[in-house]
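**Student:** Each position in the sequence shown, counted from 1, maps to that position plus 245 in the numbering used here. By construction, the Cβ of each residue, glycine as well, lies at the ideal position given by its N, Cα and C atoms. As the structure is a computational prediction, the values presented were derived from the model and not from experiment. Before I ask anything, let me first share the structure, which is written out below as structure tokens.
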Amino acid sequence: MKTVRLPDGTDVPALGQGIWMMAEDPRRRGDEIAALRSGIDLGMTLIDTAEMYADGESERLVGEAVAGCRDDVFLVSKAYPQNASRSELPRACETSLERLGTDRLDLYLLHWRGRVPLGETVEAMERLVEAGKILRWGVSNLDTGDMEELVAAGGKACATDQILYNLTRRGTEHDLLPWLAARRMPVMAYSPVEQGRLVTDEGLGELAGERGVTPAQVALAWLLARDGVIAIPKAGTVEHARENRTAAELALSPEILARLDAMFPLPSDPVPLAML
Ligand code: NAP
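If you want it as structure tokens, here you go:
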């Protein structure tokens, strides 16, 4: 499995697992836990959840899935913006830890920017690091201007920006992605198969079919071919988890990359960061 280096020197798998929309339906719980566990066994040990997902139930599901292998996984969770203050963040973090059944998060993210000043969130995150509750922190859905402000407010230790990035969402390649790369801050690409929409893209399906692979695998391999990009697809079945894992072994030739560029062109100008 390819790895990506975080600013503190920690290597994490370039392909992880997202958890949004899991734990919504009790009838699917068995399949979801099986999918997560098979993904972990296959090396997709970075797991991304959030206090928001299924109103906390997603963290409980992750806790159950990793109960026997906590030390082998890299757990990421996210705090609501309204909880990202000096007084609220420790409480939100403690609740997430309790639901996940662990004593520390490997990475804690601000889910999106809200009213709490970024400098206050940085301070609250750093205090959680000092207390050993989280090993590092980062942000999500912050565009270049917000990132500039974060760093100016003392946030140089930010480990990553988790953003919407896939073949159909390339607007940040003009500004945010180079800004992050210059600071060796990896990008965590969420909705890497555009919430499933890329799976049914006709052109992508044709190209994938020629190679004997699937559209999801091509979409993921395209992200994994980029330096400093971690992709976190959500797979609700063992079959999808296995299929996605194989994407990490799929090398896309320059000819295929050129065809993908033609099918999903880079917008001519920067596009403000979108959020799903
Ligand atoms: P996604 O991973 O792009 O797409 C998930 C959808 O694609 C599901 O419907 C899944 O179906 C399907 N799928 C996955 N692998 C497939 C395969 N091999 N073949 C066919 N279909 C496949 O979208 P996402 O869940 O929005 O994003 C991934 C993760 O990023 C989330 O789970 C979450 O952890 C994170 N995220 C973060 C933010 C943020 O604001 N920070 C926002 C959105 C997402 P099945 O369920 O049937 O497998």
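1) Thinking S283 and A486 are a contact (beta carbons under 8 Å), I'd like their distance in whole angstroms, please.
2) Span of the alpha helix (DSSP H) holding L409?
3) Using the Cβ count rule (16 or more neighbours within 10 Å means buried), how would you classify L511?
4) Relative to the C-alpha of C403, which candidate in M392, L409 and Y410 has its C-alpha closest?
5) Here's a check: name, in chain order, each residue in its chain whose Cβ is nearer than 8 Å to the Cβ of E368, leaving out the five neighbours to either side.
6) Given this structure, state the Cα-to-Cα distance separating P523 from L306, to the nearest angstrom.
7) Return the CA-CA distance between R336 and R490, expressed in angstroms with no decimal places.
8) What does a CB cutoff of less than 6 Å around T366 pick up in its chain, not counting 5 residues either side in sequence?
9) In terms of residues, what are the limits of the alpha helix (DSSP H) holding L521?
10) What distance in whole Å lies between the Cβ atoms of L291 and G261, which are believed to be in contact at a cut-off of 8 Å?
11) Assess, as a yes-or-no matter, whether the region 496 to 509 is touched by the region 474 to 485 under the definition of 3 or more beta carbon pairs within less than 8 Å.
12) What's the call for C314, buried or exposed, on a 16-neighbour Cβ count within 10 Å?
13) With a CB to CB cut of under 6 Å and the five nearest residues on each side skipped, what residues in its chain are close to M370?
14) So, under 8 Å CB-CB, A434 and L380 are touching, yes? Tell me the CB distance rounded to an integer number of Å.
15) Return the residue from the list K247, C338 and A492 that minimises the CA-CA distance to A453.
16) May I ask which residues mark the beginning and end of the alpha helix (DSSP H) holding I501?
17) For L505, collect the residues of the same chain with a Cβ closer than 7 Å to its Cβ; drop the 5 residues on either side in sequence, then sort them by chain order.
18) Does the Cβ of P499 have 16 or more other Cβ atoms within 10 Å, making it buried, or fewer, making it exposed?
19) From which residue to which residue does the alpha helix (DSSP H) around T366 run?
20) Residue range of the beta strand (DSSP E) that M392 falls in?
21) For a test of the three-state rule: what should DSSP assign to L468, helix, strand or coil?
22) One question on the structure: do L352 and S341 come within less than 8 Å of each other, judged by their Cβ atoms?
**Tutor:** On the basis of the coordinates in this document:
1) 5 Å
2) It is not in any alpha helix (DSSP H) - L409 instead sits in the beta strand (DSSP E) that spans D406 to L409.
3) exposed
4) M392
5) R331 and G399
6) The structure shown has nothing for residue 523, since the chain only spans 246 to 521.
7) 35 Å
8) A329 and L355
9) It is not in any alpha helix (DSSP H) - L521 carries neither H nor E in the DSSP assignment.
10) 3 Å
11) no
12) exposed
13) W382
14) With 8 Å as the limit, A434 and L380 do not qualify as a contact, their Cβ atoms being about 21 Å apart.
15) A492
16) P499 to M508
17) L412 and W467
18) exposed
19) L363 to E375
20) Here M392 belongs to no beta strand (DSSP E); instead the alpha helix (DSSP H) covers T389 to A397.
21) helix
22) no
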